[in-house]
Amino acid sequence: MSTHKSALSTPRQRLIELLQRLNFGRVEHLRVRAGEPVLDPPPATVREHKFAGENGPRPEAGRPDVVLKAQHLDLMALLDAIGNGTVTVLTVKHGLPFSAEVPG
4 MSTHKSALST PRQRLIELLQ RLNFGRVEHL RVRAGEPVLD PPPATVREHK
54 FAGENGPRPE AGRPDVVLKA QHLDLMALLD AIGNGTVTVL TVKHGLPFSA
104 EVPG
């Protein structure tokens with residue numbers, strides 16, 4: 004798998020951008036079809052507000068050719084493994100996927 008966001012499918016790019024805009028929080032009930040995130044309709048998001056902390060979007064949000072981190076690649080592998088299903092909760096820290104809860 005390529006290590007640049009621009010090499011990802013459009014739905015995967017949109018998911019990365021969603022995580023970067025969220026920065027801290029979680030994505031709930033993210034549907035996955037054929038290994039691709041379904042963002043229409045958008046999944047529920049819950050933003051974590053950090054007092055006297057970093058609350059805006061990540062500086063790289065919206066940049067077209069961001070180098071993917073190991074966490075992004077792990078998330079893409081998880082989507083591939085799910086195939087068709089749901090990520091119940093995707094926790095986001097510093098704009099990166101931190102952990103995921105998936106059914107059984």
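Numbering-wise, the working numbering comes out as the position in the sequence shown, counting from 1, plus 3.
Even glycine gets a Cβ: it sits at the ideal position worked out from N, Cα and C.
The model shown is predicted, which means the values in this text are computed figures rather than measured ones.
Query, Result
"Determine contact between the region 45-60 and the region 73-81, defined as no fewer than three beta-carbon pairs at a distance below 8 Å.", "no"
"Evaluate the contact criterion for the region 34-49 versus the region 60-67: three or more CB pairs, one atom per stretch, below 8 Å.", "no"
"State the Cα-Cα distance for the pair V90 and E31, rounded to the nearest angstrom.", "7 Å"
"Going straight from the alpha carbon of P106 to that of F27, what length do you get?", "23 Å"
"Can you tell me the Cα-Cα spacing of A103 and T94, whole angstroms?", "6 Å"
"Closest by CA to R17, which one among V35, L42, G38 and T6?", "L42"
"In terms of residue numbering, what span does the alpha helix (DSSP H) encompassing T13 cover?", "T13 to L25"
"Where does G3 land, buried or exposed, given buried means 16+ other C-beta within 10 angstroms?", "This structure gives no information on residue 3, because the portion of the chain shown stretches from 4 to 107."
"For P100, which residues does DSSP report across the bridge?", "V95"
"Have a look at D83 and P62 and give me their C-alpha separation to the nearest angstrom.", "28 Å"
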